[in-house]
Structure formats: structure tokens, C-alpha cells
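Undergrad: So for the sequence shown, this note's numbering puts the first residue at 113; every next one is plus one.
I am attaching a structure below and will ask some questions about it afterwards.
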Amino acid sequence: VRERSILRQLAATAGEIADAAYNPLGRSAKAVLDDAEARVLHIAEQGARGQQYFQQIGTLLTRVVDRIETLYNRDDPSDVTGVPTGYADLDRMTSGMQEGDLIVVAGRPSMGKTALALNIGEHVALHAKLPVAVFSMEMGASQLALRMIGSVGKLDQHKLRTGRLGPDDWEKLASALGRLSEAPMLIDETPALNAIEVRSRARRLQKQYGKLGLVIVDYLQLMQATTTGENRATEISEISRSMKSLAKELKVPVMALSQLNRSLEQRPNKRPVMSDLRESGAIEQDADLILFIYRDEVYNDETQDKGVAEIIIGKQRNGPIGTIRLTFVGEHTRFENFAASGSYRSSRFSGSTT
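Shown next, in the form of C-alpha cells:
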């Protein structure tokens, strides 16, 4: 009965898609195609939710043991079992970014959310040689490219924006362009995408490249819900769940950026906590790893921690929570390993059940 219902929906949708193709009402072919793909994907998701995929525990145990043996027999034993971020202390605490994980990077404006995500994406593309998909709903693709040139080439962003490069800068620029031109970084600057659109475009890239190393979504609160919820918190919950589903389906880490509530700035200690996540507690539940960015110099001109960023691991489903330090080089919009590597504090094992 359920299969027939799905087939009826598919037939009806196919007819509507055909009508739209013959009478696009001023829309481009690409717009009609995107809408068609989103509608078919929506039906596929409904069908998948109605099925149950039980797996025998014996099969699962065999798979887990095979994984443990593979890690044990590696030629280069390491604590990093996922995709490395490029930050030694962060990788040491998280074991890298794991396939199927939803990673939330959260912070107030000017803390460097986009910079950190891009820096990690650069490392994945340049060093792991894995494709990175960036959905940028806030900044344009050219702006991100300029940021990446400054980060990879260690060039002053102001000089790049004004064209006032010195003699040594041109060599750095040429080197950065050479490295980035070969990097599999893919940027989609379409504003206000919904979860189905992000999912269908990521699927297309996965099919094209065979494997994605990382998907970056900048940022959650700028996405549109596929259905109108009771309030924005309900819509963000739907978006958050969809991003987790995307990570599981494609077996790729998805890094979603998120804003924090403004109210935290009224506190004496402005370091973020879980309750500061904006508009939805579902983000806290869906995320496997939550990273808060805190830079004291944003609030305190007299701080002794200028150029220091605290990356606070607020949640880690299968590992410890705590704080690591990175160096923030503002003129290059770049986070780097802290000079005294090993400067991290592990508070406790999260062991979250959510």
C-alpha cells in the first residue's frame, strides 16, 4: 500500500514537472531542473522514512572489529582516525572529523566562524586532497576566494582589497594562486537555500567526485525551511536534522556554522555555553561535535591574550570536552596552531547519549 502511494505521488509530480518544462513561466531551465530534483528527492525521503533497515548485531560486530584491526595495523599509527582539521591539539582531542558527523561551529559575530571553517576546508583540500563543498549564504564566492588567498599566502587582507601589494607580496600571491588553483574547493554562493537543495547539490558533487572530504554550510540561520513551522525555532530544528541526515547519507563530515544569542554579551564571562545556541535546542541534540570560538580581544582591548583564540569543545558525542588554544592572525584571517602545542585542557568525557 505504501509503495503504491509513493508511486502515485511520483506519477503526479512527474506530470507537474512535465507541465513546468513546457510552460516554465519565465523561469530558467536550471531553476525548473532544481525544483524538479528537489521535489523528487522529497518523495524519496518520505519513502525512506517509512522503511526499516534492521541489521544483525553479528554483522555489525564483524564490521567494527575489522575497523579496529585496520587502525591497529596502519603503517602510520595515529590518534587521528577521521579527516584531519590541520590543528594538532584539536585533532588530538577529536581524532579528526568523522564520517557522518554533524559538526557545529558557533560564535558571536567577528569571532572568526567563517575563517575557521575555511581554514579547515583549505587543509582538507590542499593536504588530504579531498573535495570540499562550501555553501556560502552570507559571503559571495569572490569574497571567500580573496580570504583564501590571504590565508594560504599569508597576505594582508587590506592590501589584497586595495591592491597595494609590496614587492615580496607578489611572490606570495603567485604561490597562493598556484596552490589554490589545483585545490578541489567548490563554492556555492546561492542565498537562502533550503535543506533539500543543499542535499541535492551535495549529492551531485558526491556523484561527480566519488567522495567528499567535507561539506561546509555558512550558516544555519540563513537557510530556509522546506515547510513553514510554528516559529523559527521549529524551522531551525528541521534544518538541523536535515544536515545530520546529509552527513549520514553521504558518509561525510558536515560543518554547519551557527550564531549565538546576543544575551551572552550581558554576562561578565562571555565564553559561550550550550544554552547560547541560537533559536533551537535541536542543534545541541543533533550535533556530534560542537565547537565554540571565543577571542577575548573582541571584548577586552587590554587583554593579555591578543591573537589568542579559545576553541571550546562544548559537546563531543564520543570523546572529551574541553578547551584548546589557537593563534588568530587577523590580517590574514587565519587560525594557526598555538605556539605552545599541547596547550589544551580536557574537562571530562562527554559520553552524550543524544
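Where a beta carbon is used, it is the ideal one built from N, C-alpha and C, also for glycine.
Values in this document were obtained by computation on a predicted structure and should not be read as measured data.
For S287, which of helix, strand or coil comes out of DSSP?
TA: As a first step, residue 287 must be located in the sequence shown, where it is residue number 175. Looking at S287 - three-state DSSP - the assignment turns out to be helix.
Undergrad: Helix, strand or coil for V364, going by three-state DSSP, please let me know.
TA: Along the sequence shown, one-based indexing puts residue 364 at 252. Note: V364 maps to coil in three-state DSSP.
Undergrad: With burial defined as no fewer than 16 other Cβ atoms inside 10 Å of the residue's Cβ, what is the status of I180: buried or exposed?
TA: Sequence index remark: in the sequence shown, residue 180 carries index 68 (1-based). When all chains shown are included, I180 counts as exposed.
Undergrad: Would E301 and A253 be called neighbours here (beta carbons separated by less than 8 Å)?
TA: Start at 1 with the first residue of the sequence shown, and residue 301 comes out as number 189. Start at 1 with the first residue of the sequence shown, and residue 253 comes out as number 141. Against a cut-off of 8 Å, the Cβ pair of A253 and E301 comes out as a contact.
Undergrad: What are the start and end residues of the alpha helix (DSSP H) that includes Q428?
TA: As a first step, residue 428 must be located in the sequence shown, where it is residue number 316. Element bounds for Q428: not the alpha helix (DSSP H) but the beta strand (DSSP E), V420 to Q428.
Undergrad: Since I believe A295 is in contact with L238 (beta carbons under 8 Å), could you give me their beta-carbon distance rounded to a whole number of angstroms?
TA: Along the sequence shown, read from residue 1 onward, the residue named residue 238 stands at position 126. Along the sequence shown, read from residue 1 onward, the residue named residue 295 stands at position 183. With a Cβ gap of about 5 Å, L238 and A295 count as contacting.
Undergrad: Find the nearest neighbour of I118 within the set L153, P136, A148 and G138, judged by alpha-carbon distance.
TA: Residue numbering aside, residue 118 sits at position 6 when the sequence shown is read from its first letter. Among L153, P136, A148 and G138, the Cα nearest to that of I118 is on L153.
Undergrad: Spatial neighbours of L389 within its chain, please: C-beta separation below 7 Å, excluding the five flanking residues on both sides.
TA: Here the question's residue 389 lines up with position 277 in the sequence shown. For L389, where only same-chain residues beyond five positions count, the Cβ hits under 7 Å are A218, S370, L372, I395 and E396.
Undergrad: Distance check for V144 and A130, CA to CA, integer angstroms please.
TA: As a position in the sequence shown, residue 130 is number 18, starting the count at 1. As a position in the sequence shown, residue 144 is number 32, starting the count at 1. Cα-Cα distance, rounded: 10 Å.
Undergrad: Measure the C-alpha to C-alpha separation of I155 and S354 and round it to an integer number of angstroms.
TA: Here residue 155 is taken as the residue at index 43 of the sequence shown, counted from 1. Here residue 354 is taken as the residue at index 242 of the sequence shown, counted from 1. Cα to Cα, the separation comes out at about 15 Å.
Undergrad: Given a threshold of 16 other Cβ atoms within 10 Å of its Cβ, counted over all protein chains shown, does G265 qualify as buried or as exposed?
TA: Locating residue 265 in the sequence shown gives position 153, where the first residue counts as 1. Its Cβ being crowded by 16 or more others within 10 Å, G265 is buried.
Undergrad: Looking at L403: is its Cβ nearer than 8 Å to the Cβ of V364?
TA: The count along the sequence shown starts at 1 and reaches residue 403 at position 291. The count along the sequence shown starts at 1 and reaches residue 364 at position 252. Cβ distance not < 8 Å, so L403 and V364 don't count as in contact.
Undergrad: Name, in chain order, the residues that DSSP records as bridge partners for N306.
TA: As a first step, residue 306 must be located in the sequence shown, where it is residue number 194. BP columns for N306 point to Q336.
Undergrad: Mind pulling the beta strand (DSSP E) runs of 3 or more residues that sit fully within the segment 203–264?
TA: Within the segment 203–264, the complete beta strand (DSSP E) runs of at least 3 residues are 214–218 and 244–248.
Undergrad: For Q269, which residues of its own chain have a beta-carbon under 8 Å away from its beta-carbon, when the five flanking residues on both sides are left out?
TA: Taking the sequence shown and counting its residues from 1, the one referred to as residue 269 is at position 157. Cβ neighbours of Q269 beyond the five flanking positions: L258, R259, G262, E443, H444 and T445.
Undergrad: Hey, out of G431, L267 and P243, whose CA is closest to Y321's CA?
TA: Mapped onto the sequence shown, residue 321 falls at position 209. Minimum Cα distance to Y321 is reached at P243.
Undergrad: I348: which of D398, Y406, D281 and R204 sits nearest, CA to CA?
TA: As a working note, residue 348 is residue 236 in the sequence shown. Nearest of D398, Y406, D281 and R204 to I348, Cα basis: D398.
Undergrad: Pull up the CB-CB distance for I308 and T346, whole angstroms please, since I reckon it's below 8 Å.
TA: As a working mapping, residue 308 is identified with position 196 in the sequence shown. As a working mapping, residue 346 is identified with position 234 in the sequence shown. Their Cβ separation, rounded to whole angstroms, is 17 Å, which puts I308 and T346 out of contact at 8 Å.
Undergrad: Compare the C-alpha of V479 against each of L362, E350, I423 and D413 and name the closest.
TA: Past the edges of the chain, shown from 113 to 466, lies residue 479, and the structure says nothing about it.
Undergrad: Report the residue from R407, L401, K360 and V366 whose alpha carbon sits nearest the alpha carbon of R383.
TA: In the sequence shown, the residue the question calls residue 383 occupies position 271. Nearest C-alpha to R383: R407.
Undergrad: Are the Cβ atoms of V329 and A368 separated by less than 8 Å?
TA: The residue you call residue 329 lines up with position 217 of the sequence shown. The residue you call residue 368 lines up with position 256 of the sequence shown. Cβ atoms of V329 and A368: closer than 8 Å.
Undergrad: So, is S375 buried or exposed, given that buried needs 16 or more other C-beta atoms within 10 angstroms?
TA: One-based indexing of the sequence shown puts residue 375 at position 263. Exposed, since its Cβ has fewer than 16 Cβ neighbours within 10 Å.
Undergrad: Ignore the nearest five residues each way along the sequence and tell me which others in A240's own chain have a CB closer than 8 Å to its CB.
TA: Taking the first residue of the sequence shown as 1, we reach residue 240 at position 128. Counting only Cβ-Cβ distances below 8 Å, and skipping sequence neighbours, we find V195, P196 and G325.
Undergrad: Assuming contact is defined by CB atoms lying nearer than 8 Å, are D400 and D147 in contact in what I supplied?
TA: As a position in the sequence shown, residue 400 is number 288, starting the count at 1. As a position in the sequence shown, residue 147 is number 35, starting the count at 1. No. Outside cutoff.
Undergrad: What does DSSP give as the partner residue(s) for T197 in the beta ladder?
TA: For this step, residue 197 is matched to residue 85 along the sequence shown. None, per the DSSP bridge assignment.
Undergrad: Output needed for R460: all residues of its chain with C-beta closer than 6 Å, excluding positions within five of it in sequence on either side, in chain order.
TA: Indexing the sequence shown from 1 puts residue 460 at position 348. Note that R460 scores 49 on pLDDT, short of 50, meaning its location in the model is unreliable; the coordinates nonetheless yield the value given after this. None.
Undergrad: Residues bridged to S293 by DSSP?
TA: If you number the sequence shown from 1, residue 293 lands on position 181. DSSP lists no partner for S293.
Undergrad: What are the boundary residues of the alpha helix (DSSP H) that L326 is part of?
TA: Translated into the one-based positions of the sequence shown, residue 326 becomes position 214. No alpha helix (DSSP H) holds L326; the beta strand (DSSP E) holding it covers L326 to D330.
Undergrad: What separation, rounded to the nearest whole angstrom, lies between the Cα atoms of N185 and D178?
TA: Counted from its first residue, the sequence shown places residue 185 at position 73. Counted from its first residue, the sequence shown places residue 178 at position 66. The straight-line gap from Cα to Cα measures roughly 11 Å.
Undergrad: Quick check on L277: does DSSP put it in helix, strand or coil?
TA: What you label residue 277 is simply residue 165 of the sequence shown in a count that begins at 1. Correct three-state label for L277: coil.
Undergrad: Using 10 angstroms around the beta-carbon of T174, count the other beta-carbons present and answer buried if the total reaches 16, otherwise exposed.
TA: Position 62 of the sequence shown, counted from the first residue, corresponds to residue 174. By the 10 Å Cβ count, T174 comes out exposed.
Undergrad: Could you have a look at S140 and say whether DSSP puts it in helix, strand or coil?
TA: As a working note, residue 140 is residue 28 in the sequence shown. It is coil, neither helix nor strand.
Undergrad: If you count every other CB in all the chains shown that lies within 10 Å of the CB of Q210, and 16 or more means buried, which is it?
TA: On the sequence shown, position 98 is the one that residue 210 refers to. Q210 should be labelled buried.
Undergrad: Could you tell me which residues DSSP puts in a beta bridge with E448?
TA: As a position in the sequence shown, residue 448 is number 336, starting the count at 1. E448 pairs with T439.
Undergrad: Buried or exposed: A182, going by 16 or more other Cβ atoms within 10 Å of its Cβ?
TA: By 1-based counting over the sequence shown, the position of residue 182 is 70. The sequence as given places Thr at residue 182; Ala does not occur at that position. Flag for T182 reads exposed.
Undergrad: Under the assumption that D281 contacts L267 (Cβ atoms under 8 Å), give the Cβ distance between them as a whole number of angstroms.
TA: Residue 281 sits at position 169 when you count from the first residue of the sequence shown. Residue 267 sits at position 155 when you count from the first residue of the sequence shown. Indeed they touch by this definition, with Cβ atoms about 6 Å apart.
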